[in-house]
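Report on the structure given below.
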Amino acid sequence: MSKVLTGKTSHPGVAEGEVLVLTEPVSFWGGVNHHGEIIDVHHAQHKAKMTNKILVMPSGRGSSSATAVLAELIRTGDGPLGIVMLQCDTILVIGALVSAEIYGISMPIVELAQAEYGQLTDGTNVVIAADSQTQVATVTL
Amino acid sequence: MSLAPNQLVLTDEETAMLAGAQGEAVAMCMRIIVGVAKANGAEKLIEIESAHADGTLYHGEAGLDFTEKLVALGGKVKVKTTTNVGSLDLLHPTLVHGDEITMAHGRRLMDAHIALGCEPTWSCAPYQAGHRPAFGSHVAWAESNAIAFVNSVLGARSDRYGDFLDLSAAVTGRVPFGGLHHDAARKAVLVLDFSKIDSKMFSEDAAWAALGVLLGNKAGTRVAAMVGLPGDLADGGVTEDRLKGMGATSASAGGVGLFHVVGITPEAPTLAAIVAPNAEHIVMTAQDVRAARDQLSTTTSDKLDAVSLGTPHFSVDEFRALAEAIGDGPKFAEQIDFYVSTSRDVLARSKELGYLEIFTNAGGRVLTDTCTYVTPVLNKNVTNVMTNSGKWAWYAPGNLGIDAVLGSLAECVASARAGRVVRDESLWS
Numbered sequence: 001m002s003k004v005l006t007g008k009t010s011h012p013g014v015a016e017g018e019v020l021v022l023t024e025p026v027s028f029w030g031g032v033n034h035h036g037e038i039i040d041v042h043h044a045q046h047k048a049k050m051t052n053k054i055l056v057m058p059s060g061r062g063s064s065s066a067t068a069v070l071a072e073l074i075r076t077g078d079g080p081l082g083i084v085m086l087q088c089d090t091i092l093v094i095g096a097l098v099s100a101e102i103y104g105i106s107m108p109i110v111e112l113a114q115a116e117y118g119q120l121t122d123g124t125n126v127v128i129a130a131d132s133q134t135q136v137a138t139v140t141l
Numbered sequence: 001m002s003l004a005p006n007q008l009v010l011t012d013e014e015t016a017m018l019a020g021a022q023g024e025a026v027a028m029c030m031r032i033i034v035g036v037a038k039a040n041g042a043e044k045l046i047e048i049e050s051a052h053a054d055g056t057l058y059h060g061e062a063g064l065d066f067t068e069k070l071v072a073l074g075g076k077v078k079v080k081t082t083t084n085v086g087s088l089d090l091l092h093p094t095l096v097h098g099d100e101i102t103m104a105h106g107r108r109l110m111d112a113h114i115a116l117g118c119e120p121t122w123s124c125a126p127y128q129a130g131h132r133p134a135f136g137s138h139v140a141w142a143e144s145n146a147i148a149f150v151n152s153v154l155g156a157r158s159d160r161y162g163d164f165l166d167l168s169a170a171v172t173g174r175v176p177f178g179g180l181h182h183d184a185a186r187k188a189v190l191v192l193d194f195s196k197i198d199s200k201m202f203s204e205d206a207a208w209a210a211l212g213v214l215l216g217n218k219a220g221t222r223v224a225a226m227v228g229l230p231g232d233l234a235d236g237g238v239t240e241d242r243l244k245g246m247g248a249t250s251a252s253a254g255g256v257g258l259f260h261v262v263g264i265t266p267e268a269p270t271l272a273a274i275v276a277p278n279a280e281h282i283v284m285t286a287q288d289v290r291a292a293r294d295q296l297s298t299t300t301s302d303k304l305d306a307v308s309l310g311t312p313h314f315s316v317d318e319f320r321a322l323a324e325a326i327g328d329g330p331k332f333a334e335q336i337d338f339y340v341s342t343s344r345d346v347l348a349r350s351k352e353l354g355y356l357e358i359f360t361n362a363g364g365r366v367l368t369d370t371c372t373y374v375t376p377v378l379n380k381n382v383t384n385v386m387t388n389s390g391k392w393a394w395y396a397p398g399n400l401g402i403d404a405v406l407g408s409l410a411e412c413v414a415s416a417r418a419g420r421v422v423r424d425e426s427l428w429s
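Laid out in structure tokens, this is it:
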């Protein structure tokens with residue numbers, strides 16, 4: 001039985017993987033290391049690993065150099081496979097755009113409204129399809 | 001959040017840029033600008049007058065690959081573009097002792113920015129090194145303190161940009177029309193009232209670092225107005241450097257891109273001029289300021305190994321104040337490393353005015369082009385460092401694994417001489 005949540009494409013791409021729901025945003029610069037682990041000691045999910053996961057977090061946080069850190073994680077394959085947010089973070093979109101330009105890796109970023117966002121559960125598998133033309137994105141549970 | 005399809009409309013020239021009419025570098029940067037505009041639901045792009053590029057500090061190969069690709073594609077900046085700090089001090093190359101790859105890649109990254117036509121400013125305070133956009137002008141500035149300053153103190157308009165978008169904006173001369181470029185987004189939705197606090201507390205620069213923590217904690221990424229702060233820019237109460245330090249700290253503790261100090265910053269002659277309807281109002285107390293100050297010291301020990309000033313980069317005025325504090329008094333204690341981080345431009349002017357000689361004669365060292373909290377400059381056995389900079393105190397313990405102590409300029413000089421932390425608690429009563 002599958003269920004389809006519909007939202008908006010912040011960055012196009014397709015991905016399938018296990019959901020990691022963050023209860024609060026994390027800053028990629030200073031908050032995530034080169035292995036995709038959360039190193040911000042103030043973060044509730046300190047030491048959680050986002051590598052090859054679908055990262056679900058409400059919004060972005062912190063330094064604008066997070067663009068470069070996310071692009072580097074995507075380049076090395078230590079980053080998430082896709083990101084779902086309640087409120088789109090421009091900084092992360094820039095990191096995804098640049099990774100697509102220079103490495104040809106298109107990591108989807110999807111914006112969902114609260115009613116849909118709330119249906120994502122930690123540890124479950126989802127499929128993301130974020131279309132660039134229509135700007136419509138789906139997350140299939 | 002709106003799920004309605006965005007209606008980004010490009011001009012004919014912009015459409016041609018996207019199609020490659022001005023070369024592949026412009027087309028690639030345009031794809032990034034348009035991608036962001038679509039994600040944010042912007043209706044159009046606007047032209048910018050200048051940019052400040054923050055991608056100069058080496059964070060990994062992706063930043064280098066992007067910048068060198070732009071160079072290889074023949075990219076050139078279309079507008080005046082200054083550069084933020086890099087990973088090396090090109091004027092004093094022996095001061096930074098980073099690993100070989102970071103140093104080599106860091107140098108290539110700086111060279112690539114020059115090849116794109118950026119100016120070799122290498123400073124997080126370009127606004128005190130000759131780059132001051134006009135009130136109301138649209139710019140694309142990256143680096144959090146520079147964004148807060150250009151918006152708040154100069155009244156120019158930049159959204160909060162980061163690495164890659166800064167250069168993409170510089171190469172295309174465009175940004176999405178969104179965020180702080182809009183009038184409505186510049187209104188204060190939060191009012192912080194300081195009128196219940198004795199103005200004596202604000203007579204030291206370090207108090208403004210504490211105000212930055214308060215502002216960042218309370219505002220997050222929201223626009224705040226501050227009322228009840230003493231003096232103005234002309235009478236020495238609120239100096240430009242105090243606004244610089246406060247803004248930098250607020251952008252570290254929170255995500256502040258614009259703040260208003262009523263009666264002082266240019267968009268806020270009165271509260272009515274910039275307050276949004278139904279703004280939240282919070283009355284601050286002296287205890288709030290002391291508690292914020294305490295967030296900027298990670299130890300109460302009086303052990304001291306080093307002093308670091310100039311985050312953001314020191315100004316000529318700050319060099320003068322430091323020279324006056326040193327005067328013809330004794331040198332710094334032998335075992336204390338005393339650093340000032342600044343721009344080449346300020347270094348040259350401070351040298352001419354004689355301030356530099358007073359500082360170096362006392363035993364101080366100057367770092368340019370980079371900063372002591374982002375590159376390995378301090379000696380490896382340094383554990384306790386004093387600073388008057390809220391931003392340095394906020395980041396250095398995490399970045400460098402040291403303990404930070406926030407103090408006034410006078411406390412920093414007195415402590416460097418004594419070889420231990422010297423406090424003047426009467427400043428905070």
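Going down the list, the protein sequences come from chains A and B.
Under the working numbering, the first residue of the first sequence carries the number 1, and numbering increases by one thereafter.
Under the working numbering, the first residue of the second sequence carries the number 1, and numbering increases by one thereafter.
For each residue, glycine too, the CB sits at the ideal point set by N, CA and C.
- Straight-line spacing of the CA atoms in B/Gln22 and B/Arg107 works out to 29 Å.
- B/His181 and B/Thr298 have their alpha carbons spaced roughly 37 Å apart.
- Taking the Cα of B/Asn217 as reference, the smallest distance to any Cα among B/Ala291, B/Lys303, B/Ala272 is reached at B/Ala291.
- For B/Leu356, the uninterrupted alpha helix (DSSP H) segment begins and ends at 355-361.
- Nearest to B/Leu229 by C-alpha distance, out of B/Asp205, B/Ile197, B/Val256, is B/Ile197.
- Residues of the region 89-101 of chain A that bring their beta carbon within less than 8 Å of a beta carbon in chain B comprise Thr90, Ile91, Val93, Ile94, Gly95, Leu97, Val98, Ser99, Glu101, in sequence order.
- Interface annotation for the region 304-328 of chain B against chain A: empty, criterion Cβ-Cβ distance under 9 Å.
- Between B/Pro376 and B/Gly86, the CB-CB gap reaches or exceeds 8 Å.
- Relative to B/Phe359, the option among B/Ala210, B/Ala207, B/Pro330 whose CA is nearest is B/Pro330.
- Short of 8 Å from the beta carbon of A/Asn33, and not among the five residues preceding or following it, lie these beta carbons of its own chain, in chain order: Ile39.
- Annotated three-state conformation of B/Ala72 is helix, per DSSP.
- If you draw a straight line from the Cα of A/Glu24 to the Cα of A/Pro58, it comes to about 7 Å.
- Against chain A, the CB of B/Gly247 has no partner CB under 8 Å away; the residue lies outside that interface.
- For B/Asp403, the enclosing beta strand (DSSP E) covers residues 403-406.
- Among the residues of chain B, none has a CB under 7 Å from the CB of A/Glu24; the nearest is roughly 12 Å distant.
- Comparing C-alpha distances from B/Ala169 to each of B/Thr11, B/Gln335, B/Ala325, B/Ile33 shows the shortest one belongs to B/Ile33.
- Here B/Gln128 is buried: its Cβ has 16 or more other Cβ atoms, across all protein chains shown, within 10 Å.
- Contacts between A/Gly104 and chain B, judged by CB atoms closer than 8 Å, are missing: the closest CB pair is about 12 Å apart.
- By the neighbour-count criterion, in which 16 or more other beta carbons inside 10 Å mark a residue as buried, B/Ser199 falls on the exposed side.
- Ranked by how close their Cα comes to the Cα of A/Gly30, the residues B/Trp141, B/Ala321, B/Gly398, B/Lys78 have B/Gly398 in first place.
- One finds nothing in chain A with a Cβ atom closer than 8 Å to the Cβ of B/Glu357; even the nearest lies about 36 Å away.
- Taking 4 residues as the shortest admissible run, the region 110-161 of chain B contains the following complete alpha helix (DSSP H) segments, listed from N- to C-terminal end: 144-152.
- The residue among B/Ala37, B/Gly136, B/Thr82, B/Leu367 with its C-alpha nearest the C-alpha of A/Gln135 is B/Ala37.
- A residue is called buried when at least 16 other Cβ atoms come within 10 angstroms of its Cβ; A/Phe28 meets this threshold and is buried.
- Residues of the region 68-80 of chain A with a C-beta atom less than 7 Å from some C-beta of chain B are Ala68, Val69, Ala71, Glu72, Arg75, listed in chain order.
- Pairing B/Ser343 with B/Thr83 gives a Cβ-Cβ distance that is not under 8 Å.
- Contact check for B/Gly179 against B/Arg160 passes: the beta carbons are separated by less than 8 Å.
- Contact between the region 333-349 of chain B and the region 150-165 of chain B is absent: fewer than 3 CB-CB pairs across the two stretches fall below 8 Å.
- In the DSSP secondary-structure assignment, A/Ala100 is not bridged to any residue.
- The region 245-253 of chain B makes contact with the region 206-224 of chain B, as at least three CB pairs between them are under 8 Å.
- In the DSSP assignment, B/Val261 forms a beta bridge with B/Met226.
- Spatial neighbours of A/Arg61 in its own chain (CB-CB distance under 7 Å, excluding positions within 5 residues in sequence) are listed in chain order as Pro25, Val26, Ser27.
- By the C-beta density criterion, B/Asp12 is exposed, having fewer than 16 other C-beta atoms within 10 angstroms.
- For A/Gly7, the pairing in a beta bridge is given by DSSP as A/Ala137.
- With the criterion set as a beta carbon lying under 7 Å from some beta carbon of chain A, the members of the region 396-407 of chain B are Gly398, in sequence order.
- DSSP places B/Phe202 within a helical segment (H, G or I) once states are collapsed to three.
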